[in-house]
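Trainee: Here the numbering used here is used: the first residue of the sequence shown is 270, the next is one more, and so on. Below you will find the structure I want to go over with you.
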Amino acid sequence: MKTLCLLGATGSIGQSTLKLVDQHPDRFRITALSAHTQVDALIDLCRRYRPMHACIADTNQFAALRDGLSAAGLSTTPLAGADSLEAMAADDSANTVVAAIVGAAGVASTLSAARAGKRILLANKESIVLAGQLLMETVAAHGAQLFPVDSEHNAIFQCLPSGGGRDGVRRLILTASGGPFLGKTRAELAAVTPEQACRHPKWSMGRKISVDSATLMNKGLEVIEAHHLFGMPAEAIEVVVHPQSIVHSMVDYRDGSVLAQMGEPDMRTAIAYGLSYPERIDTGVKALDFRTLAALAFQSPDGETFPCLGLAYRAIGRGGNAPAVLNAANEIAVMAFLEGRLPFLGIADIVGEVLETVHWEPAADLSVLMASDAEARRCAIQRIH
Ligand code: NAD
Ligand code: MG
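Next up, the structure:
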């Protein structure tokens with residue numbers, strides 16, 4: 270029996286995870302749940318899954334959570350705040366932690382799960398972008414297991430040699446859907462709205478990652494993620510646009526073999542892989558029917574219209590705190606865009622400017638990275654207002 274601590278239970282990945290739990294009650298049991306501010310939704314989930322702990326990140330909502338749980342007659346322990354989230358991720362009641370919080374807010378709990386030696390299903394890509402080396406070292410030092418839930422990295426994970434050797438690997442090829450604005454010019458993007466940016470043609474996701482997909486920053490973050498997860502240099506990580514989102518990513522070997530992982534664009538496949546590895550379980554994802562598939566197309570990304578991908582490669586080349594700065598500036602810029610305070614094209618402008626402004630430092634430890642994250646946020650906010 271896998272006991273699960275699901276961080277970010279109310280989000281898109283959280284909900285997909287719960288669908289798998291519903292399908293396999295004999296295999297998976299929820300022991301801890303978290304949400305950011307949606308306290309009523311969290312209480313509803315507690316009614317359904319009866320976890321031992323529930324944590325609301327927003328401390329102002331603690332009383333509402335406590336009272337709601339007690340009114341529902343549940344023995345679930347109410348918790349609140351970032352420290353409780355960290356403690357919950359390390360608690361013995363779960364052997365598996367699904368890290369599905371969005372943004373750098375997920376770093377501390379992911380690291381905490383790693384220190385506690387958990388099986389970690391990592392959806393929260395921002396934590397590995399911000400603190401990649403530290404997270405990988407912590408996982409190794411404490412015998413934790415990291416399963417990438419991002420569909421591209423999950424695909425690569427499935428296509429790499431199981432022994433971990435990289436000698437035969439020539440390149441990792443990350444596929445990108447191209448997002449809702451594929452084929453558009455910069456002029457056409459000047460006035461796009463958050464609703465248009467969040468209307469992804471293939472994937473249904475949270476709003477932040479949807480905007481990241483529209484700017485191609487998502488792919489940039491994923492290049493950094495792949496670099497850390499798989500120990501490959503940025504030069505050996507290539508991005509190719511594949512609008513159908515059927516090939517989730519590929520590994521190109523020296524001998525000319527290319528292994529691809531394919532499937533319907535549905536995150537339950539990647540989550541189930543991490544949940545049940547090395548077994549394969551039913552997910553409810555429909556089988557690929559090659560007879561009805563349209564042609565699969567591949568093309569180069571348009572780096573001029575979508576500069577964020579290039580910015581991510583620049584950050585990875587600089588190393589140190591640069592990826593943390595990139596990520597933090599992007600989080601602020603995306604939020605400003607979603608709130609109507611910044612035009613779409615301003616996202617890349619802000620990230621580029623902040624990357625050039627915040628001083629470079631080696632990624633000595635988490636406190637340096639968090640200080641760079643805070644500095645980059647201040648710098649981005651100043652430029653937006
Ligand atoms: P979402 O916005 O739908 O959900 C985010 C979850 O995090 C919610 O439960 C929310 O309550 C919680 N949260 C938000 N801010 C928080 C904070 N400050 N403190 C604590 N909790 C907070 O996002 P999502 O689409 O589920 O994505 C989650 C993560 O998974 C992101 O890092 C995203 O990049 C990654 N991811 C998502 C998908 C996808 O298909 N949705 C695919 C690949 C990777
Ligand atoms: Mg992805």
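Even glycine gets a Cβ: it sits at the ideal position worked out from N, Cα and C. Just so it is clear, the structure is predicted and the values come from calculations on it, not from any experiment.
Taking only the alpha-carbon atoms, compute the straight-line gap between HIS628 and CYS315 and give it to the nearest angstrom.
Mentor: The residue labelled residue 628 in the question sits at position 359 within the sequence shown. The residue labelled residue 315 in the question sits at position 46 within the sequence shown. HIS628 and CYS315: Cα-Cα distance of roughly 45 Å.
Trainee: Between HIS469 and PRO449, what straight-line distance do the alpha-carbon atoms span, to the nearest angstrom?
Mentor: For this step, residue 469 is matched to residue 200 along the sequence shown. For this step, residue 449 is matched to residue 180 along the sequence shown. Distance between the alpha carbons of HIS469 and PRO449 is about 5 Å.
Trainee: Can you tell me where the alpha helix (DSSP H) with ALA539 in it begins and where it stops?
Mentor: Residue numbering aside, residue 539 sits at position 270 when the sequence shown is read from its first letter. Counting along the chain, the alpha helix (DSSP H) containing ALA539 begins and ends at 537 to 545.
Trainee: Give me the DSSP bridge partner(s) of PRO631.
Mentor: Counting from one through the sequence shown, the residue named residue 631 turns up at place 362. Paired residues: none, contrary to the question.
Trainee: Helix, strand or coil for SER303? Go by DSSP, reduced to three states.
Mentor: Residue mapping note: residue 303 aligns to position 34 of the sequence shown, counting from 1. DSSP places SER303 in strand when its eight states are reduced to three.
Trainee: If you reduce the DSSP assignment to three classes, tell me which class PHE575 lands in.
Mentor: The residue given as residue 575 occupies position 306 in the sequence shown. Three-state DSSP puts PHE575 in coil, outside helix and strand.
Trainee: Could you say which of GLN402, HIS411, SER636 and GLU395 lies nearest to SER381 if we only look at CA atoms?
Mentor: For the purposes of this step, residue 381 is taken as the residue at position 112 of the sequence shown. Of GLN402, HIS411, SER636 and GLU395, the residue nearest in Cα terms is HIS411.
Trainee: Could you check the C-alpha separation between VAL492 and VAL509 for me, to the nearest Å?
Mentor: If you number the sequence shown from 1, residue 492 lands on position 223. If you number the sequence shown from 1, residue 509 lands on position 240. In a straight line, the C-alpha of VAL492 is about 12 Å away from that of VAL509.
Trainee: Classify ALA304 as buried or exposed, calling it buried when 16 or more other Cβ atoms lie within 10 Å of its own Cβ.
Mentor: Counting from one through the sequence shown, the residue named residue 304 turns up at place 35. So ALA304 ends up on the buried side.
Trainee: Hey, is ASN596's beta-carbon within less than 8 Å of any beta-carbon in chain C?
Mentor: Judged by its chain identifiers, the structure shown contains no chain C, having just a single protein chain.
Trainee: Quick check for students: name the residue ranges of the alpha helix (DSSP H) that lie wholly in the region 398 to 443, counting only runs of 4 or more.
Mentor: Fully enclosed alpha helix (DSSP H) runs of 4 or longer: 420 to 428.
Trainee: Measuring CA to CA, which of ASP352, VAL418 and GLN513 is closest to ALA495?
Mentor: On the sequence shown, residue 495 is found 226 positions in, with the first residue counted as 1. Per the Cα distances, VAL418.
Trainee: The ligand GDP: which residues have Cβ under 7 Å from any of its heavy atoms, chain order?
Mentor: For the structure depicted, the ligand GDP is absent and the ligand set comprises only the ligand NAD and the ligand MG.
Trainee: What does a CB cutoff of less than 7 Å around PRO347 pick up in its chain, not counting 5 residues either side in sequence?
Mentor: On the sequence shown, residue 347 is found 78 positions in, with the first residue counted as 1. So the list reads ALA323, PHE331, LEU334, ARG335 and LEU338, once near-sequence residues are dropped.
Trainee: What residue does the beta strand (DSSP E) around LEU276 start on, and which one ends it?
Mentor: Looking up residue 276 in the sequence shown gives position 7. Where LEU276 is concerned, the enclosing beta strand (DSSP E) stretches over 271 to 276.
Trainee: Let's test the definition: count the other Cβ atoms within 10 Å of the Cβ of SER396 and tell me whether it reaches 16, buried, or not, exposed.
Mentor: Position 127 of the sequence shown, counting from 1, holds the residue named residue 396. When all chains shown are included, SER396 counts as buried.
Trainee: Which same chain residues end up closer than 6 Å to MET519 when comparing Cβ atoms and leaving out the 5 residues on each side of it in sequence?
Mentor: Translated into positions along the sequence shown, residue 519 becomes position 250. Once the five neighbours on either side are set aside, the close Cβ partners of MET519 are ILE442, VAL527 and ALA529.
Trainee: Near THR345, which residues of its chain fall below 6 Å by C-beta distance, leaving aside the five closest residues on each side in sequence?
Mentor: Taking the first residue of the sequence shown as position 1, residue 345 is located at position 76. These residues qualify, in order along the chain: CYS315, PRO320, ALA323 and LEU338.
Trainee: Does the beta-carbon of ILE515, which I'm using as the reference point, lie nearer than 7 Å to any heavy atom of the ligand NAD?
Mentor: Mapped onto the sequence shown, residue 515 falls at position 246. Because no heavy atom of the ligand NAD lies under 7 Å away, the Cβ of ILE515 does not count as near it: no.
Trainee: Using the beta-carbon count (16 or more within 10 Å), is PHE559 buried or exposed?
Mentor: Here residue 559 refers to the residue found at position 290 of the sequence shown. So PHE559 counts as exposed.
Trainee: What did DSSP end up calling PRO260 once you bin it into helix, strand or coil?
Mentor: With the chain covering only 270 through 654, there is no way to say anything about residue 260.
Trainee: Is PRO592 near VAL371, with beta carbons less than 8 Å apart?
Mentor: Sequence index remark: in the sequence shown, residue 592 carries index 323 (1-based). Sequence index remark: in the sequence shown, residue 371 carries index 102 (1-based). Contact: no.
Trainee: Within its chain, find whatever has a CB closer than 7 Å to the CB of GLU630; leave out the 5 residues flanking it on each side and keep chain order.
Mentor: Residue 630 sits at position 361 when you count from the first residue of the sequence shown. Cβ neighbours of GLU630 beyond the five flanking positions: GLY589, ASN590, VAL637 and SER641.
Trainee: Compute the beta-carbon to beta-carbon distance between VAL516 and MET531, rounded to the nearest angstrom, for a pair I have assumed lies under 8 Å.
Mentor: In the sequence shown, the residue the question calls residue 516 occupies position 247. In the sequence shown, the residue the question calls residue 531 occupies position 262. With 8 Å as the limit, VAL516 and MET531 qualify as a contact, their Cβ atoms being about 5 Å apart.
Trainee: Taking LEU485 as the reference, give the member of THR444, GLU548, THR561 and ALA377 with the closest Cα.
Mentor: Translated into positions along the sequence shown, residue 485 becomes position 216. Considering only alpha carbons, the answer is THR444.
Trainee: Pairs of beta-carbons, one from the region 357 to 368 and one from the region 290 to 308, closer than 8 Å: are there three or more?
Mentor: Contact holds: three or more Cβ-Cβ distances are below 8 Å.
Trainee: Go ahead and pull the three-state DSSP assignment for PHE499.
Mentor: By one-based count along the sequence shown, residue 499 stands at place 230. Looking at PHE499 - three-state DSSP - the assignment turns out to be helix.
Trainee: For ASP481, I'd like the list of residues in its chain whose CB is within less than 6 Å of its CB, leaving aside the five on either flank, ordered along the chain.
Mentor: Residue mapping note: residue 481 aligns to position 212 of the sequence shown, counting from 1. Within the same chain, ASP481 has close Cβ partners ASN487.
Trainee: Buried or exposed: HIS511, going by 16 or more other Cβ atoms within 10 Å of its Cβ?
Mentor: As a first step, residue 511 must be located in the sequence shown, where it is residue number 242. With 16 or more other Cβ atoms within 10 Å, it is buried.
Trainee: In chain order, what residues of the same chain lie with their CB nearer than 6 Å to the CB of GLN513, ignoring the 5 residues before and after it?
Mentor: Here residue 513 is taken as the residue at index 244 of the sequence shown, counted from 1. Counting only Cβ-Cβ distances below 6 Å, and skipping sequence neighbours, we find LEU565.
Trainee: Note the first and the last residue of the continuous beta strand (DSSP E) segment covering MET531.
Mentor: The sequence position of residue 531 within the sequence shown is 262, counting from 1. It spans 527 to 531 - the beta strand (DSSP E) in which MET531 sits, taken as one unbroken run.
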